[in-house]
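**Student:**
In UniProt numbering, the protein residues as written are 1 to 275.
1. What do you reckon, are the CB atoms on residue 252 and residue 264 nearer than 9 Å?
2. When you compare only the Cα positions, how much space is there between residue 268 and residue 107?
3. DSSP on residue 250, reduced to helix/strand/coil?
4. Can you tell me whether DSSP reads residue 269 as helix, strand or coil?
5. How would you call residue 290, buried or exposed, if buried means at least 16 neighbouring beta carbons within 10 angstroms?
6. With DSSP as the reference, please indicate the residues paired to residue 152 in a beta bridge.
7. Is it right to say residue 198 is buried, meaning 16 or more other beta carbons lie within 10 angstroms of its own, or is it exposed?
8. Measure the beta-carbon distance from residue 105 to residue 98 and round it to whole angstroms, keeping in mind my assumption that it falls under 8 Å.
9. Just the C-alpha distance for residue 51 and residue 109, rounded to the nearest angstrom, thanks.
10. With distances taken from CA atoms, which of 123, 102, 63 and 228 is nearest residue 85?
11. Flag this pair as yes or no: are the beta carbons of residue 277 and residue 196 separated by less than 9 Å?
12. On the DSSP bridge assignment, give the partners of residue 88 in chain order.
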């Protein structure tokens, strides 16, 4: 029997992969996630930038395009449910634009942070995912926030879950029964919690070096304690105004609006659509 002839091995052709970023993405029903800033970026070199037709447009026209792509649209928890950022006023730039080239990405993000307002709600009994603002302190977006809205929510509809778990269920019964003692204890504790949160937030905002504006809103169903409430307000705005941050007043909803309004005497009111 004749020996079988050896078949020479032929290597498969090597497939070449492109290393360039895509210039477009397929449409998606999922909202564009908030862009994450990259630390340690080197300065832009115009000679190494991807050439995009948009770069041939005047800067004013590009700004109009960025405004069209980042419309005013309230987004709840844009960074996920585990952060203290409860709302965002504008839609972030689409990912396809950010991947076009670095210069366009920088311009689009600069426009976005200039017009967008991030919102934080101070409400101790609420199930805050970030009760001590630890995640907020490490967000890369924090250092670029320019406009911030803070809602001081004094509403106390029922005993918070942590108090109930600690054996304070009787307080809830006392509140529902209208016993003044129980309301007094819970309201005073609320003021202390709000002061603690306000001090912590002010400390975290030290990293927000580009912060230019603060809009303070107010929701209040707690009767009295105006001195304590004023102290919380002064802690929140005192350090920021000393940094040159512009402080304005947002919406005020209170059972005693006359007294609540007195806390904001002399404040500039936020323009409609910027609250």
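Cβ coordinates follow ideal geometry from the N, Cα and C atoms, glycine included.
**Tutor:** Taking the definition as stated:
1. Here residue 252 corresponds to residue number 252 of the chain shown, with the count starting at 1. Here residue 264 corresponds to residue number 264 of the chain shown, with the count starting at 1. Cβ atoms of residue 252 and residue 264: closer than 9 Å.
2. Indexing the chain shown from 1 puts residue 268 at position 268. Indexing the chain shown from 1 puts residue 107 at position 107. Rounded to whole angstroms, the gap between the alpha carbons of residue 268 and residue 107 is 30 Å.
3. Taking the chain shown and counting its residues from 1, one reaches residue 250 at position 250. Strand.
4. Within the chain shown, residue 269 is the residue found at index 269, counting from 1. Three-state result, residue 269: strand.
5. Residue 290 lies beyond the stretch modelled for the chain, which goes from 1 to 275, so this question has no answer here.
6. Here residue 152 refers to the residue found at position 152 of the chain shown. Beta-bridge pairing links residue 152 to 122 and 218.
7. As a working note, residue 198 is residue 198 in the chain shown. Buried: at least 16 other Cβ atoms inside 10 Å.
8. The count along the chain shown starts at 1 and reaches residue 105 at position 105. The count along the chain shown starts at 1 and reaches residue 98 at position 98. Indeed, because the Cβ distance is near 4 Å, the residues count as touching under 8 Å.
9. Along the chain shown, read from residue 1 onward, the residue named residue 51 stands at position 51. Along the chain shown, read from residue 1 onward, the residue named residue 109 stands at position 109. In this structure, the alpha-carbon of residue 51 lies about 18 Å from that of residue 109.
10. To locate residue 85, count along the chain shown from 1; it is residue 85. Comparing Cα positions, the closest option is 123.
11. Lying outside 1 to 275, the shown extent of the chain, residue 277 is not represented and no answer is given.
12. Translated into the one-based positions of the chain shown, residue 88 becomes position 88. 75 and 118, per the DSSP bridge assignment.
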